[in-house]
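Residue 479 in UniProt numbering is what sits at position 479 of the sequence shown, and the numbering runs on without skipping anything.
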Amino acid sequence: MSQGTSPSSIPIQPAAFFPPRNTNHPVPSGGHGTIPVPMAGPAPFWSNVGTVRNETTGHNLGSRGSTTSAIDSTSNSHILFGEFTQLNEQLDYMDDHDEHADIASGDRLIDDSLVNDLTGMEETNAEPHAAEPAQSSALHNQLVALQTRLMQEEAEHGKPLCYTRGDFFDRPPHPIFALETCKDTTGLKPEPLYWRKVFVWLPHLLPGHPETFKCVCNMPLTKNGRNTNPIARRVRAMPADFFLYTNCFICDPRRVKAPGPGCGKSFQGTDPHILEQMPEFVLTAFPGFISARGAISNEMSREMSNMFAKHFGPAPFAKLVSEIQHRFHADIELMYLGAAKFWGQRGIKPCSPFDDPNGYAGAPPSIQYLKGMFTDKVKAHRVFIDRDTASKPMTFAKTDHTFDYLKGVAGVKGEDIFNAAYSAGNEFEEIRAHSITPTKSLAYVKGMLEDIQEGLKNCNNPPTQILYTDSPQAERSFHESINQSLLKDVEPVTDWTDLPPFSRTSGVSAYSTSDSMSIEECANDILTHVIDHAWVVPSQLALIALAIKTDQQPGEATRLRLIQLRTVDKIYVFNVQSLSVCFGNF
Ligand SMILES: [Zn+2]
């Protein structure tokens with residue numbers, strides 16, 4: 001559109017209600033009452049206009065809001081009146097349809113977003129070095145002693161004593177009892193307070209284990225001793241990390257007995273391939289989620305899922321874990337110092353700082369670590385999440401666009417690829433499908449909505465019967481074309497829809513009239529009946545119920561409209577709003 005075009009030659013066509021920054025992008029057209037379809041739009045006029053000018057009066061019309069202030073004023077400096085009208089219409093449309101300002105807010109950097117937190121995976125997210133106990137540190141010594149003891153217990157009793165006690169955890173004594181023991185033997189020392197509990201996972205000693213674990217090559221696996229470096233794996237948890245201790249299996253290549261040598265592959269007892277050979281109810285006891293980069297406890301993993309879903313991202317979560325772990329360490333130190341004071345022990349070894357690798361060796365997970373673990377977990381469970389989502393019903397659908405988090409998604413050379421996201425929820429507030437789209441146009445989600453209906457059929461769920469959307473007038477025909485069951489048994493909603501259906505006692509006839517003569521006759525009948533029967537049957541009711549309905553026009557007095565009478569054997573409805581008088585033929 002050039003400056004010289006006359007207003008009459010400008011076709012006023014509905015255009016995008018948010019300005020595309022790249023005119024090659026498909027933009028939605030359409031407005032009130034129509035479904036926008038993707039099309040290559042004309043160059044938006046606001047990309048090269050400055051001052052808004054009324055050609056008829058020559059007056060500048062000024063700018064409105066941020067849309068015109070963002071316009072590049074170095075280009076052509078006029079907007080034609082027709083275009084201005086069109087712009088106003090679009091802004092009005094946005095006022096009416098954009099209550100959360102998610103269309104209009106435009107570009108802005110958002111500091112704290114779920115998506116921002118999840119991106120940036122190029123940063124280092126491997127397990128921090130401090131996670132593994134340093135050689136000859138207090139924790140390393142604990143694990144060495146534990147391994148020796150566990151192997152001894154297994155040799156003597158067939159299984160670790162913690163299993164005999166009915167516990168997966170081999171727990172160090174509580175600081176209070178550890179301190180009491182120290183006091184009586186070696187004198188107070190802080191090392192026993194650094195010890196962590198150890199989850200002992202020896203699959204071949206657990207209920208329901210298979211006779212022999214199988215390798216991926218289907219040959220039997222043999223036990224292949226224990227791990228030495230590290231002896232056990234640190235699992236991130238609150239208030240303090242714990243260790244996960246397991247054994248190894250090998251598909252023995254040196255085997256001479258039947259069935260012959262194996263392929264040489266070795267497995268940890270925590271390897272998914274070993275775990276999947278255990279019964280499901282035993283697996284439920286497995287204490288955490290393990291990936292190549294680390295391990296977190298089930299509780300922490302669930303806390304992350306719940307919090308990340310509510311915009312409490314990895315950054316504050318990392319702080320939370322750190323705070324709680326530091327607090328736990330502070331309590332231990334307090335108990336140690338309190339015990340020394342209580343028992344009058346002087347010159348004791350100080351309790352180690354939280355992060356001393358040779359002492360307490362606290363190492364709260366970093367933000368990157370938590371991001372990485374969360375991503376790993378979602379990736380690992382994705383197929384199950386998808387399957388679960390696809391089997392959900394959607395008898396009542398709730399659909400809407402959102403724009404907010406797309407601003408946090410990277411584009412190509414600063415150009416967004418996706419500007420909108422579309423969610424379809426069901427009657428249980430579960431998301432049944434979610435899709436990110438280049439624009440707000442519904443054409444992009446047609447396939448997704450068709451797939452949902454197909455999926456509902458495949459899972460024996462009823463088709464969607466009611467659909468809620470924020471612009472039903474505009475979207476009605478679109479949704480009805482995708483799902484014909486929306487057209488079935490439609491009952492228009494009225495003021496009385498929610499009332500119970502009306503019924504009257506059978507055998508009681510109703511009589512309605514607006515004729516004044518008939519009304520008078522009926523009134524006479526009623527009175528005659530009362531007079532005739534009043535002394536015969538004293539309890540006889542003359543009138544069971546009376547109801548009136550009134551009307552009031554603005555500025556007028558209230559007028560009686562209907563009178564309803566219920567006698568023993570009849571219902572009378574008198575319309576007295578427009579009384580008619582029927583004259584007989586004289
Ligand atoms: Zn093998």
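Ideal placement from N, C-alpha and C gives every residue a C-beta, glycine not left out.
Predicted model only: the values in this text are computed from it and were never measured.
Contact between the segment 413-423 and the segment 487-505 is absent: fewer than 3 CB-CB pairs across the two stretches fall below 8 angstroms. Placement of the Cβ of Met219 at a distance of less than 7 angstroms from at least one heavy atom of ligand 1 is found.
Spatial neighbours of Tyr511 in its own chain (CB-CB distance under 8 angstroms, excluding positions within 5 residues in sequence) are listed in chain order as Cys522, Lys570, Ile571, Tyr572 and Val573.
Contact between the segment 311-326 and the segment 261-269 is absent: fewer than 3 CB-CB pairs across the two stretches fall below 8 angstroms. Assigned with DSSP and collapsed to three states, Thr389 falls in helix.
Distance from the C-beta of Cys248 to the nearest heavy atom of ligand 1 is not below 7 angstroms.
Within 7 angstroms of the C-beta of Lys440 there is not a single heavy atom belonging to ligand 1.
Taking the C-beta atoms as reference points, Trp343 is found no nearer than 8 angstroms to Lys189. Pairing Trp201 with Thr246 gives a Cβ-Cβ distance under 8 angstroms. By the beta-carbon neighbour count (other beta carbons within 10 angstroms, threshold 16), Phe168 is buried.
With 16 or more other Cβ atoms from the protein chains shown falling within 10 Å of its own Cβ, Ala433 counts as buried. The Cβ neighbour count for Ile290, taken over all protein chains shown within 10 Å, is at least 16; the residue is labelled buried. Going by beta carbons, Gln277 and Phe199 fall outside the 8 angstroms limit. According to the DSSP assignment, Thr148 belongs to the alpha helix (DSSP H) that extends over Ala138 to His157. Phe286 sits away from Gly269, with the two beta carbons spaced by 8 angstroms or more. Its Cα nearest to that of Thr469, the residue Ala397 stands out among Ser516, Ile417 and Ala397. Judged by their CB atoms, Thr395 and Glu427 are nearer to each other than the 8 angstroms cut-off. Burial of Lys371 is indicated by the presence of at least 16 other C-beta atoms within 10 angstroms of its C-beta. The Cβ neighbour count for Gly359, taken over all protein chains shown within 10 Å, is at least 16; the residue is labelled buried. Between Leu139 and Ala361, the gap from beta carbon to beta carbon is short of 8 angstroms. About 4 angstroms separates the beta carbon of Pro393 from that of Asn461, a gap short enough to meet the 8 angstroms contact definition. Per the C-alpha coordinates, the member of Gly166, Ala380 and Asn419 positioned closest to Pro207 is Gly166. Under the 8 angstroms Cβ criterion, the segment 289-304 does not count as touching the segment 211-228, having fewer than three qualifying pairs.
In the DSSP annotation of this structure, the continuous segment of the beta strand (DSSP E) that includes Phe242 starts and ends at Phe242 to Ile250. Between Glu415 and Lys319, the alpha-carbon positions lie close to 34 angstroms from each other.
Look at Val282: its beta carbon is at least 7 angstroms from all of the heavy atoms in ligand 1. Gln577 is bridged by DSSP to nothing; it lacks a bridge partner. Lys398 is bridged by DSSP to Gly425 and Tyr468.
Residue environment analysis places Arg382 among the exposed positions, since fewer than 16 neighbouring C-beta atoms fall within 10 angstroms of its C-beta. Out of Thr284, Ser366 and Gln135, the CA that lies nearest to the CA of Thr228 is found in Gln135. For Cys263, the shortest C-beta to heavy atom distance toward ligand 1 is below 7 angstroms.
Here the alpha carbon of Thr505 sits roughly 21 angstroms from the alpha carbon of Asp498. In this structure, Leu143 sits away from Ile274, with a CB-CB distance that is not shorter than 8 angstroms.
A direct Cα-to-Cα measurement between Arg327 and Thr439 gives close to 49 angstroms.
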